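Numbering (my numbering), first residue to last: 24 to 236.
Every residue, glycine too, gets a C-beta built ideally from N, C-alpha and C.
Since the model is a prediction, treat every value here as computed from it, not as a measurement.
Now the structure itself:
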């Protein structure tokens with residue numbers, strides 16, 4: 024007599040687990056980033072200052088909070104040499120950056136849809152690293168000096184993308200992010216009398232695959 028209620032409870036719990044199983048998403052992605060760098064000016068003119076365009080890779084874990092709203096924690100690694108440039112000349116140093124941020128995604132379609140376009144916005148930190156060898160006598164020293172050090176800066180993340188559900192547990196994602204951060208002046212030690220203009224904009228398209236559970 025008790026077997027039927029027990030079976031009913033088991034089925035109910037299994038069904039609930041099945042529903043909950045699709046609330047979480049874990050994935051990885053790769054792409055290529057494009058910087059819009061800052062400018063350093065002095066009395067003699069100006070020079071571009073920032074990072075080279077290089078590859079990107081990252082990971083994401085997200086949760087469907089509501090039908091049209093998702094929250095996700097994202098990590099993105101960005102390869103990219105530090106650079107100072109003026110005209111056709113430049114000086115660079117090996118470096119990279121690490122972005123960690125939390126985004127809110129607003130989906131145009133409910134989570135049962137196979138294709139889900141979305142807009143995203145969030146904030147976090149970006150950790151810049153200069154890993155190369157410092158110059159004893161560096162070109163463009165009148166603008167800044169490239170320094171082997173690390174620096175963390177606040178980060179604003181805006182963008183969007185599309186999710187395509189291949190099946191119940193696999194999702195292909197195309198993401199576009201613009202990472203905005205203040206200029207890392209510990210890595211670029213600005214010369215006396217020079218001034219930095221602008222933030223760094225890092226435009227990063229990514230192609231990835233995620234698994235829902």
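Item	Value
Proximal residues to residue 23 (C-beta, below 6 angstroms), its chain only, five neighbours per side dropped	No statement about residue 23 is possible, as the shown extent of the chain runs from 24 to 236 and does not include it.
Residue 235 beta carbon less than 8 angstroms from that of residue 95	no
Cα-Cα separation between residue 170 and residue 208, rounded to whole angstroms	9 angstroms
Beta-carbon proximity check, residue 72 vs residue 167, cutoff 8 angstroms	yes
Residue of 51, 179, 184, 216 minimising C-alpha distance to residue 122	179
Reduced DSSP category for residue 177 - H, G, I as helix; E, B as strand; rest coil	strand
Segments of 3+ residues assigned as beta strand (DSSP E) that fall wholly inside the stretch 145 to 215	167 to 169, 173 to 188, 193 to 204, 211 to 213
Endpoints, the beta strand (DSSP E) within which residue 102 is located	92 to 102
For residue 134 and residue 86, believed in contact at Cβ under 8 angstroms, the rounded distance	Not quite, the Cβ-Cβ distance comes to about 11 angstroms (not below 8 angstroms), so this is no contact.
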